[in-house]
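First comes the structure, then the notes that go with it.
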Amino acid sequence: MIKLSQPIISEESIQAVSDILRSGMLVQGKYVEQFEEALKKYMNANHVLAISSGTAALHVALAALEIGENDAVFVPAFTFPATANVVEIQKARTVLVDVDPFTYNMDPDKLEEAIINYNEKEKPKAIIVVHEFGAPANMTRIMEIANKYRLYVIEDAACALGTKLNGQHVGTFGDIGCFSFHPRKAITTGEGGAVITKNEHLKKKISLLRNHGLIKLNDGTMDFLLPGFNYRMTEFQAVLGTHQLSMFNNWIKKRNELVNIYYQLLKENPTIQLPDNLEGHAWQTFMVVIDSTSNRKAITKCLKSKEIETNMGAQAVHMLSFYNNKYQYKVSEFPIAKKLYESGLALPLHSNLNSDDIKYICENLLLFL
Ligand SMILES: *Cc1c(COP(=O)(O)O)cnc(C)c1O
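Numbering (this note's numbering), first residue to last: 8 to 376.
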């Protein structure tokens with residue numbers, strides 16, 4: 008089976024994880040610090056904190072910014088639902104913004120329109136920008152809009168480790184950047200995540216929130232400064248993360264080569280729409296959009312019979328039952344998100360594939376179409 012994605016775990020990593028398991032020092036210690044240092048260097052970030060998952064990273068970001076029940080947060084209508092779920096968990100109001108049909112990212116014009124037209128009782132407080140599938144969102148425009156309307160910016164870079172905009176790593180533009188190291192993402196620690204920030208105060212707050220609000224005092228006793236979560240990472244996850252990160256530049260290079268082959272083989276077909284081949288894209292996922300006359304379910308089934316795994320890309324949040332019931336959206340309200348949800352087709356992409364695999368996938372896809 009050609010898998011949609013596949014984590015690559017070296018024997019060396021397995022050995023390093025086993026060594027830590029044998030040592031008995033299992034939770035948030037020197038290996039977590041090493042992983043944070045490595046991430047910091049890689050992204051040229053000011054502060055990095057390892058967190059137990061991408062969703063926990065987003066949640067702790069909102070909690071640190073004290074986003075709560077009197078606040079509204081602007082979120083792209085096409086994303087993995089965790090982006091919006093954390094807003095709801097904090098009892099804030101989710102305000103959806105439609106996306107661009109070619110980058111799949113929040114459309115800045117529609118964001119500004121949504122801010123101007125907003126008239127609910129909760130106060131606009133933040134924007135969560137998603138760098139969907141590793142494509143850099145238009146942070147230049149989004150930061151301008153955020154500054155104009157005095158909104159915090161949280162970057163959901165769960166899919167976007169290695170993604171750059173004008174040479175700068177995404178996650179470093181806004182107030183807080185959030186990453187995921189789930190096996191479906193670019194590097195993995197099993198479950199895992201990270202937050203990055205320029206702001207010293209936010210870093211301190213997040214580090215308290217990550218660990219029960221606990222601080223160790225100079226006299227060796229401890230105190231609890233606020234009610235926190237347990238969103239710590241384990242040592243064996245962190246060592247795996249450090250190993251993964253050291254190989255990551257090669258993986259991105261390979262992913263780019265494979266995506267170029269996809270483009271060459273698929274670009275002539277009028278029934279497939281390819282994503283904008285953006286500068287700085289890290290290609291966590293390669294999602295094409297099929298013609299509305301083609302049936303995605305049938306394509307997925309046919310390709311599966313050829314040993315090729317495909318899937319949908321991400322969700323249209325307004326069409327999920329919780330959001331649809333709570334906010335009473337019309338399905339037609341976010342037409343691009345709807346289209347991408349219904350017609351997006353994620354094709355296999357990981358660095359264990361070679362050019363022949365991509366040719367085989369494209370041949371079979373084109374044959375079906
Ligand atoms: C994967 C993902 C998340 C959640 O990350 P987890 O580590 O699985 O909790 C959040 N947002 C986006 C855009 C994602 O793709």
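Every residue, glycine too, gets a C-beta built ideally from N, C-alpha and C.
If you ignore the 5 residues before and after I203, its C-beta comes within less than 6 Å of the C-beta of A52, V55, G178, G184, all in its own chain and listed in chain order.
By the criterion of a C-beta distance shorter than 7 Å, A68 is surrounded in its chain by I161, I183, C185, V202, once the five residues flanking it on both sides are discounted.
Taking 8 Å as the cut-off, the beta carbon of Q291 is found closer than this to the beta carbon of A167. Following the DSSP letters along the chain, one finds C185 inside the beta strand (DSSP E) bounded by residues 183-187. In the three-state reduction of the DSSP assignment, H219 falls in the coil class. Relative to ligand 1, the beta carbon of L247 is positioned no closer than 7 Å to any heavy atom. Using a 10 angstroms sphere on the CB of P277, the tally of other CB atoms stays under 16, which defines it as exposed. For V82, the enclosing beta strand (DSSP E) covers residues 78-83. With 16 or more other CB atoms across the displayed protein chains lying within 10 angstroms of its CB, V136 is buried. For D230, the enclosing beta strand (DSSP E) begins and ends at 229-231. Secondary structure of I368 (DSSP, three-state): helix.
In this structure, DSSP gives H357 a state outside helix and strand, which the three-state scheme calls coil. By the beta-carbon neighbour count (other beta carbons within 10 angstroms, threshold 16), Q35 is buried.
E198 has its CB nearer than 7 Å to a heavy atom of ligand 1.
The C-beta distance from E43 to A57 rounds to 5 Å, short enough to meet the 8 Å contact threshold. Shown here for M150: same chain residues with a beta carbon closer than 8 Å to its own, the five before and five after excluded, namely V160, F180, G181 in chain order. Here V338 is not bridged, per DSSP, to any residue. Contact between H176 and M50 holds, with the beta-carbon distance rounding to 4 Å and staying under 8 Å. Look at the beta carbons and you see the segment 352-364 not touching the segment 331-338: under three pairs across the two are nearer than 8 Å. For G351, the secondary structure class from DSSP, reduced to helix, strand or coil, is strand.
Along the length of the segment 32-103, whole beta strand (DSSP E) runs at least 3 residues long occupy 54-58, 78-83, reported in chain order. Contact between F243 and L11 is ruled out by a C-beta separation of about 26 Å, above the 8 Å threshold. As far as DSSP is concerned, T170 takes part in no beta bridge. Under DSSP, the beta-bridge partners assigned to E162 are V136, G184. Bridge partners of P131 according to DSSP: A79. Comparing alpha-carbon positions, the option among D78, I21, T86 lying closest to V94 turns out to be D78. Short note on V137: C-beta closer than 7 Å to some heavy atom of ligand 1.
Contact between the segment 244-252 and the segment 223-235 is absent: fewer than three C-beta pairs spanning the two stretches fall below 8 Å. Distances between the C-beta of D107 and the heavy atoms of ligand 1 are all 7 Å or more.
With fewer than 16 other beta carbons inside 10 angstroms of its own, I123 counts as exposed. In chain order, N371 place their CB closer than 6 Å to the CB of K313, counting only its own chain and leaving out the 5 sequence neighbours on each side. Between M240 and S20, the C-beta spacing is not below 8 Å. Fewer than three pairs of CB atoms, one per stretch, sit closer than 8 Å, so the segment 302-310 makes no contact with the segment 17-31.
Contact annotation, N318 with A353: C-beta distance approximately 5 Å; criterion of less than 8 Å satisfied. In the three-state DSSP reduction, A289 falls in the coil class, being neither helix nor strand. By the neighbour-count definition (other C-beta atoms within 10 Å, threshold 16), S350 is a buried residue.
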